[in-house]
Structure formats: C-alpha cells, structure tokens
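Chemist: Input: one structure, supplied below.
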Amino acid sequence: MFDSGFGGLTVARATIDLLPGEDLVYLGDTARYPYGAKPQEEVLSHAVEIAEFLVQEFDIKYLVVACNTAAAAALTHLQDLLPLPVMGVIEPGVRATLAATETGRVAVIGTVGTIGSGAYPEAFGKIDAMIDVTACACPGFVEFVERGNTEGQQVGILAERLLAPVVEAHVDTLLLGCTHYPYLARTIAQVMGQSVVLVSSADETAFALADDLERLGLKHPDQPRAGAHRFISSGDERAFAQLGSRLLGPELVDAQRWEPNVS
Ligand code: DGL
C-alpha cells in the first residue's frame, strides 16, 4: 500500500491487526508530500510510478491505494493498468458512512484535491441518490500530522475554523476522507460533539481488504503465521522510522529509502 506520507499508516495499522498473517509493504512518498494541493495529473503520475515499483520489486498480490487524494486521481487508471486487484479508500468509507447514518445527512472531509475532484459526492450518489452530503476541504490538517502534532491548541483552533460549515450542516455522521485524519480524531470529535459518528476510511478499507482477499482466494495459504512488514520512504528514512513508529506502533522498526525518478 502507499500514501503521500504517514497517513496510510492508519490503513496499515488496521490491516496488520485484521490480517496478521499477511506480508505488508508500505511506501510513504514523504519526499513529494503533500499530495492534497497538487494537480490531479501530477498525483496520478506519482501513483503510477509507485505502483509499478511495488509490483516489480515485491511481486505484490494486491495493491491498496491508502490515500484518498491518490485514489481520487488514479484509482480507475491503476485498476486498468495493473494485472492485480487494486482497492482505494473511498468506496469502503462511503459504504460504512451510509450504514451509520440515521438522518441521511452526512459530511466528508478531505484534502483540497480529494474534495475538489468530486469523487465523494459521486461515490455516495452511485449508492444512494437521496443522501445529503456536505463535502469540506481541510487544508493544513495533513501538515500537522506530518509534523507529529496531532493534539494541542493550534490544531484545535484550525479544526474549529475548518469544521464550522460541517457543524452548521447538522450531520449525524462525518467521514474522515483522508487517511491522515484518524490521527486527529480526538480534536475533530471535540469540535463535532459526541452526537456525530466519525467514520475512518482507513479502518473500513482494512475490513474491505480482508473480505476481498477471502473472496478472491488470495489469503496467505499458511495460517496462522506472522506476516513480515516492510516500510519504505522516498524521504529521509530515519525520520520516517522515528515518527512512523510513534504513529503505527512496534512493527515499524526501520525504513528503507526509495528514490523516485520524478521529483
Ligand atoms: N493521506 C492523504 C489522503 O488520504 C493525503 C495527504 C496529502 O495531502 O498528501 O488524501
């Protein structure tokens, strides 16, 4: 799986917990993050480069695009291009949000790229044309996570400002449509109040992946077993391992460096 940086580690955590017997390679494109404000074509070209590297180097059996921005820009393209199943984070989160809402009034927050792409309203509309979706970009959230600042006054003030339209929309369910955002869940929950259910696209993707591996007969044949976990970064690998182990947990001991062709 891959993400622009540390956000996809929320998907990796859920996947390791749910599928402890599977081997996992995670690539964080920290040298080129954030993806959120980049043009779609640029994100698409990074996604293709990373996907081809993972396929060639590690002979992967399944690819998870653990980044909403990259999924919005590149999922269909990757599904057409690669000779293996590819899953994004958008549809699993949408399905879980629809299952959670009682009022039919929901919101999704994400990067400027994800929200601007219209991928979420489109995905909601495909399953339930009557759903009322407020989509709101939260520029700045990702940068707090990448610096390891997941709580505190500054991020709290930013959250109050960015989430004001969501509070005003009186939704009962809020989908965290960026894999970085579960690290800010406490701050987001404080602003939204206890009555709003938060859905993590990261957790839902891990559940969908587990179902898909089972359905396609792709689960590792030797069960139970302890899967191997490997972490790769296009930026400083030591810095990646340091913050990454804090965010993911003990499975992230060290990281290996990967040099992308395009900067
Ligand atoms: N984690 C990525 C996502 O889910 C976005 C991070 C970024 O802007 O680079 O959209």
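If you read the sequence shown in the working numbering, its first letter stands for residue 980, the second for the next number, and so on.
C-beta: ideal position from N, C-alpha, C; glycine also.
Quick caveat, the model's predicted, so the values are computed rather than measured.
With a threshold of 7 Å (Cβ to nearest heavy atom), would T1113 be considered close to the ligand NAP?
Modeler: Absent from the structure shown: the ligand NAP. Ligands present: the ligand DGL.
Chemist: Taking all protein chains shown into account, do 16 or more other C-beta atoms lie within 10 angstroms of the C-beta of I1069, making it buried, or fewer, making it exposed?
Modeler: buried
Chemist: Could you tell me whether any non-hydrogen atom of the ligand DGL is closer than 7 Å to the CB of H1056?
Modeler: no
Chemist: Tell me the start and end of each unbroken beta strand (DSSP E) in the segment 1085-1129 that is at least 3 residues and wholly inside, in chain order.
Modeler: Qualifying beta strand (DSSP E) stretches, in chain order: 1111-1116.
Chemist: I think L1033 touches A1053, with their Cβ atoms under 8 Å apart; what is that distance to the nearest whole Å?
Modeler: The pair is not a contact, with the Cβ atoms about 13 Å apart (cut-off 8 Å).
Chemist: Strictly by DSSP, which residues pair up with H1208?
Modeler: Listed as beta-bridge partners of H1208 by DSSP are L1003.
Chemist: Can you tell me whether H1199 sits near the ligand DGL, meaning its C-beta is under 7 Å from at least one heavy atom of the ligand?
Modeler: For the ligand DGL, not one heavy atom lies less than 7 Å from the Cβ of H1199.
Chemist: Mark I1094 as exposed unless 16 or more other C-beta atoms lie within 10 angstroms of its C-beta, in which case mark it buried.
Modeler: buried
Chemist: Would you call the segment 1204-1215 and the segment 989-1003 touching, i.e. three or more CB-CB distances under 8 Å?
Modeler: Contact between the segment 1204-1215 and the segment 989-1003 is present: three or more C-beta pairs spanning the two stretches fall below 8 Å.
Chemist: Counting Cβ pairs, one atom from each stretch, are 3 or more of them under 8 Å apart for the segment 1017-1031 and the segment 1146-1155?
Modeler: no
Chemist: From this set, T1184, A1086 and P1018, which residue's C-alpha is nearest I995's C-alpha?
Modeler: Looking at the Cα atoms, T1184 is the closest of the given residues.
Chemist: Identify the residues that DSSP records as bridge partners of S1179: which are they?
Modeler: L1155
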